[in-house]
Structures are given as C-alpha cells and as structure tokens.
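Using the working numbering, read the sequence shown as starting at 13 and increasing by one per residue.
Built from N, CA and C at the ideal position, the CB exists for glycine as well.
The block underneath contains the structure these notes are about, expressed in structure tokens.
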Amino acid sequence: MPETNRHLELRTALYQILKRELAGRATLGSDQFVYYDPTNAKKKLAPDAFAKLGVPHATFRVWKTWLRGAPEVAVEVVSDSDEGDEDWGIKLERYRAAGIGEVVRFDPDDAEQPTRVWDHIDGDLVERARPADGVFECSCLGLFWVAVFHPMFVRMLRLSRDRAGLELLPTPEEAELAEARGRQEAEQARDRLTAEVAELRRRLQEQAAGGATRRPAKAKTAAKAPKKPRR
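Next up, the structure:
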C-alpha cells in the first residue's frame, strides 16, 4: 500500500529532529531496509526512523546488522498499511530477531495510549508498563518520547529533554525560526546600544560646551604696582 502523506510527514519530521540532534554521534535512517540475517535476504524490516550510536552520520543504501551492528532505537509510526495487532506481532518478531535495543510504536489516532515501547531484554522484546503520565524515556538517548498536538496530524511524536515536553528538540523549521528571531533580537539590542552611546556623547558635548561658556575671562593686563612717594 502506498505511503500516505500524513505518514510521510510524521516520519520525516521525526527523522529530521533526530538527525539535527544526533548527527555528530549517531547514524540515522528512515524507511531504509535493515537486514538482520546474512543467510536470508528476505529477512528485513524498514523502521520509520532509527539511530545507531557511536558513529557520526553518513549516507548509506541499506543497513546490515552483522556489519554495522543493530540500531539502539527504532520507531514505527502506525499507518494505513498496518492491519492490526496480528500485523504488528509479525513486525515485533522481526525487531526481536534484529536485536533492536528499543522499539517505539506511535499511533497518532490513539487518544488513550499513542506511544508504546519495547526493550530488548535477554533476547526478547518486553513491553514497558505505561507511565502514569504516558511519557516514556528513551533510555539510550536520555530523552523523552512526547506525543504533542498537531493541527494537521492530530498528534506528532517528538523528543524532549524533560518529561513535561517544555524542552522539545526543534524541527529544522523551528530551529531556523528561533535562529532568525535570535538574530533579530541581537540586531535590535545592538541598535539600542548604538542609540544610547550616541545620546551619551551628545550630552557630554553639551556639558562641555556649557562649561566653556560659563568660564570667567582672564585679565588682559596685570595690575599696576603702587607709586612710590616722593621725598
């Protein structure tokens, strides 16, 4: 089934957020084949986003776990092609066989529990208990998976530095906007400082000019000495 526009937007946004944050210390992928059995090319999966820590980002065509290692974390965004629990069970088995450390499943249409997380423990994938606030920590990244409202997509999966989602990792557009705002504020501050310096100089010049006007004039000739009396 062709990829929907919403699914494309959601996975691309998540990939770009991860890449902007981690490119210096991780290789990132999105919708690329991850092969996990060197004896069977049919055994593969294609996460919507994944990260392999320890190696700076570089382009690649496919990912082979026996050459590059298993990614520490992978994300699946539920789409129209996911038929239900049975289909997800098949995917989860593939993730288990691939040795993915943390598997995140995000369903933007699930109002009650949009995010679910599995950890690779002793050769198996074990689902985590849902926290009271519904926010899961990304163990390998030291960040938090946060489902936030989105006007077009209902919900969007984001990463945050805090559980409350107050310090979301920015999308490229948000980062660019923040940088532009920072430049504008810096320019405004520089203009204010320039104006203040100019005003200070003007006042100093006025004070100097006023002091020169009030200064008493010097005597033009010295006072005459008193005449000596005649004898």
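Cutoff 6 Å; reference residue i; Cβ partners in own chain excluding five residues on either side
i    : result
S172 : F156, V158, E179, L180
R170 : V158, V160, L180
L40  : L30, K31, A63, H69
Option in the options with minimal Cα separation from residue i
i    : options                : result
Y48  : V116, D134, G154, Y107 : Y107
W130 : D122, A123, A141       : A141
E30  : F45, A63, Q44          : Strictly speaking, residue 30 in this sequence is Leu, with Glu absent from that position. The residue with the shortest Cα to Cα distance from L30 is A63.
W78  : P50, E208, P163, E88   : P50
S66  : G135, A38, P83         : Just to set this straight, residue 66 is Gly in the shown sequence, not Ser. Per the Cα distances, A38.
L22  : S42, L212, E149        : S42
E149 : F165, V166, A176, I133 : A176
H69  : E105, K56, V89, Q28    : Q28
E124 : P143, V115, L104       : P143
G146 : T127, I133, M164       : T127
V138 : F118, P163, D99, E105  : E105
E33  : G101, G154, K76, E211  : G154
E88  : D99, V74, W75, A61     : A61
G135 : E114, S151, C152       : E114
W100 : K76, P59, E84          : P59
K76  : K103, A109, V90        : A109
Where residue i sits in the DSSP three-state scheme
i    : result
T136 : In the sequence under discussion, the amino acid at residue 136 is Asp, which differs from the Thr named in the question. The answer is strand: DSSP assigns D136 an E or B state.
L169 : strand
G223 : helix
R32  : helix
T127 : strand
The ligand GDP heavy atom lying under 7 Å from the CB of residue i
i   : result
D43 : No copy of the ligand GDP occurs in the structure displayed, which carries no ligand at all.
With 16 other Cβ atoms within 10 Å as the buried cut-off, status of residue i
i    : result
I2   : Absent from the model: residue 2. The displayed extent of the chain is 13 to 243, so no value can be given.
P120 : buried
T82  : Note on residue identity: the sequence assigns Ala, not Thr, to residue 82. It counts as buried.
L216 : exposed
R117 : buried
V74  : exposed
V209 : exposed
D57  : The question names Asp, yet the displayed sequence has Leu at residue 57. Looking at its Cβ environment, which holds 16 or more other Cβ atoms inside 10 Å, L57 is buried.
For residue j and residue i, believed in contact at Cβ under 8 Å, the rounded distance
i    : j    : result
P182 : A192 : So it is not a contact: roughly 13 Å between Cβ atoms.
Residues near residue i in its chain [Cβ-Cβ closer than 8 Å; skip 5 each side]
i    : result
A25  : M168, T183
V166 : P120, D121
Close Cβ partners of residue i (< 7 Å) along its chain, the five nearest in sequence each way excluded
i    : result
C152 : L65, E84, V85, G113, E114
H162 : M168
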